[in-house]
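Note sheet for the following structure.
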Amino acid sequence: MKVRKENRVLTVDEADKAFYLSEGYDVVEVENGEYVVSEKATGGRTYTIAEYSKLEAENAELKAENTSLKAATKKLKAENTGKNTEKSEKS
55 MKVRKENRVL TVDEADKAFY LSEGYDVVEV ENGEYVVSEK ATGGRTYTIA EYSKLEAENA
115 ELKAENTSLK AATKKLKAEN TGKNTEKSEK S
């Protein structure tokens with residue numbers, strides 16, 4: 055089995071898989087001449103400040119979008135409830 059961390063690719067035994075996953079190595083397979091991650095590492099990952107900042111900005115953007123979508127959903131539910139009440143009054 056092959057494991058990869060950054061630009062280092064190693065061939066290891068199946069018995070050592072848990073150790074390498076905990077050290078931040080991904081299990082990879084070769085497809086069309088490229089390494090494709092088949093199992094993500096469980097620990098030992100480090101991220102650059104740029105990567106962290108990008109994720110932080112994306113997180114803030116998604117939280118804002120989530121808040122606006124929840125408000126829109128609440129508004130639509132209220133409108134829908136009002137329409138159902140109007141229909142029952144007409145009947």
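Just so it is clear: in the sequence shown, position 55 is 109 by the numbering used here, and no numbers are missing.
Glycine included, every Cβ here is placed at the ideal spot set by N, Cα and C.
Give me the Cα-Cα distance between residue i and residue j, rounded to the nearest whole angstrom.
{"i": "K71", "j": "G97", "result": "13 Å"}
{"i": "V90", "j": "V82", "result": "5 Å"}
{"i": "V110", "j": "S122", "result": "According to the sequence provided, residue 110 is Glu. The question's Val does not apply to it. Going by the C-alpha atoms only, they are around 19 Å apart."}
{"i": "K94", "j": "Y74", "result": "11 Å"}
{"i": "E77", "j": "I103", "result": "20 Å"}
{"i": "G136", "j": "K129", "result": "11 Å"}
{"i": "M55", "j": "S92", "result": "11 Å"}
{"i": "V84", "j": "E105", "result": "26 Å"}
{"i": "N138", "j": "T100", "result": "53 Å"}
{"i": "A125", "j": "E88", "result": "44 Å"}
{"i": "N86", "j": "A69", "result": "27 Å"}
Is residue j closer than 7 Å to residue i when the C-beta atoms are compared?
{"i": "R62", "j": "D80", "result": "no"}
Checking the sheet assignment: what are the DSSP bridge partners for residue i?
{"i": "K59", "result": "R62"}
{"i": "D80", "result": "R58"}
{"i": "Y89", "result": "V84"}
Report yes or no: is there a C-beta of chain D within less than 7 Å of the C-beta of residue i?
{"i": "A132", "result": "Among the chains in the structure shown there is no chain D, since it carries only a single protein chain."}
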